[in-house]
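> Numbered per our numbering, the sequence shown spans residues 933 to 1254. Every residue gets a Cβ at the ideal spot worked out from N, C-alpha and C, and that includes glycine. Bear in mind that the values here come from a model prediction, so they are computed numbers and not experimental data. Please find one structure pasted underneath; my questions will follow.
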Amino acid sequence: MSFRGTVPTRRLGPAGPEVPVFALGSWNTWDRMEFDDAVALIRRAAEVGAAFFDVAHYNMGPHAENARTDLIFGEAVRAAGLARKDYLLCGKLWLWEYPTTSFASQMETSLSRIGIEKADTVVVGDYMSTIDVRQIVTDVAAEIAAGRFDSWGVNNWQAADITLALDFAEAEGLTPPTFAQLKYGLARRTMAEGAHYGELFRSGRLALQASDVFEGGILAGKLAPARKIGADVGGIREQIVAIYPELERIAAGLGATPTQLGIAFCLANPATANVLFGVSRLEQLEDNLGALELLDRVGAEEVRAATAGLWVDRGVNADGTW
């Protein structure tokens, strides 16, 4: 049955916008489908109140792919008939070539490729070496002052760095990060639920945006993904593949699909403001929408209890260090 309701909203952190609990991600998404299918997917997302899109320019560092996904999104959202006020957009700021490639330059390029003047929020990307947190906070504040976006979050930062960013922003009267986009789902829980980030979420200093929920499609049944997927933090991907039959069994017992259970699990955590996923077919979005009915019918406590045995990254560092 097709979803007939409206996707609920939650606040994306203390200074963040009110957003739908679903967001559609862009990494190798819009360029994996026919243009008319992309337009239909965007229209359906808007129809159910889930018009929140994570769109970036992927052409830097390990993402030096010269992808057209952001260009395609800009064309598709206009073809879908959505005015800028009809959707929320989260951009990305990369640290791979920063500060040589400034945030101002990145935003100018990204916004012009999409064909808009402003994002609603941005995520400052992850990193593999030491970063200058104070300079990042200062430069983000300059972009907010320039009117290019209103709020920001971080992607898989080490806990010490996000804490410093929060403290420095508060001390200097600058806009603090309001959410953390972390790998989070049935298999990977340690960083989001551990003592470091967990306390930031419980205290209300940050909200959680769950990303890579299906481990590149593995927890959606694609056990040997043919496309490039996210990093395997902790080297546990084989263990994640191994739990899929049990995930199928649990989901069936709850009258749900594995993907519905994966999203319902994320939303069962009160820290989760939003779940970010990359769907490239309309039927995938329809399936994901069923997670809302599952959570309402079964309840958060039962969802977490039923899936407790699927947690496989207990040995990964909770503070985000590798």
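Using the C-alpha atoms, what's the distance from G1105 back to I1150?
Each residue's Cα considered, the two are about 43 Å apart.
> Can you tell me which of V1054, V1145, D1018 and E997 puts its alpha carbon nearest to the alpha carbon of K1024?
When each option's Cα is compared against that of K1024, the closest is V1054.
> Report the three-state DSSP secondary structure of P994 (helix, strand or coil).
DSSP places P994 in helix when its eight states are reduced to three.
> What does DSSP give as the partner residues of G1231 in its beta bridges?
Per DSSP, none; premise fails for G1231.
> Taking DSSP as the reference, what is the three-state secondary structure of E1029?
In this structure, E1029 counts as coil in the three-state DSSP scheme.
> Quick check: the Cα distance between L1098 and D968, rounded to an integer number of angstroms?
Whole-angstrom Cα-Cα distance: 42 Å.
> Using DSSP with H/G/I as helix, E/B as strand and the rest coil, what is G1023?
Residue state, collapsed to three classes: strand.
> Within the continuous alpha helix (DSSP H) that includes S1037, where are the two ends?
Start and end: F1035 to I1046.
> Beta strand (DSSP E) containing E950: first to last residue?
Start and end: E950 to P952.
> Are Y1176 and G1210 close, meaning C-beta to C-beta below 9 Å?
In this structure, G1210 does not lie closer than 9 Å to Y1176 by Cβ.
> Please classify K1017 as buried or exposed, where buried requires at least 16 other C-beta atoms within 10 Å of its C-beta.
Per the 10 Å Cβ criterion, exposed.
> Assign G1231 to one of two classes, buried (16 or more other C-beta atoms within 10 Å of its C-beta) or exposed (fewer than that).
G1231 is exposed by the Cβ-count criterion.
> Between the C-alpha atoms of A1092 and T1070, what's the straight-line distance to the nearest angstrom?
Cα to Cα, A1092 sits roughly 18 Å from T1070.
> What does the Cβ neighbour count give for W1254, buried or exposed, with the cut at 16 atoms within 10 Å?
That one is exposed.
> Using the Cα positions of V1145 and E1102, report the straight-line distance between them to the nearest angstrom.
Distance between the alpha carbons of V1145 and E1102: 31 Å.
> DSSP state of R942, grouped into three classes?
Residue state, collapsed to three classes: strand.
> How big is the Cα-Cα spacing for F1133 and E1125?
Rounded to the nearest angstrom, the two C-alpha atoms are 9 Å apart.
> Please report how far the alpha carbon of V1009 lies from the alpha carbon of M1039, in whole angstroms.
So the two alpha carbons sit approximately 19 Å from each other.
> Express the C-alpha separation of I1195 and N1220 in angstroms, rounding to a whole number.
Spanning the two alpha carbons is a distance of roughly 7 Å.
> Suppose you measure from the CA of D1245 to the CA of I1076; what does that come to, to the nearest Å?
So the alpha carbons of these two residues sit roughly 36 Å apart.
> Distance, Cα to Cα, A1127 vs I1182?
Cα to Cα, the separation comes out at about 28 Å.
> Please check the pair F1005 and D1052, which I expect to be a contact at CB under 8 Å, by giving their CB distance rounded to whole angstroms.
About 14 Å separates the two Cβ atoms, so there is no contact after all.
> By Cβ distance below 6 Å, which residues in the same chain neighbour A1073 in space, the five residues on each side in sequence not counted?
Once the five neighbours on either side are set aside, the close Cβ partners of A1073 are L1106 and T1107.
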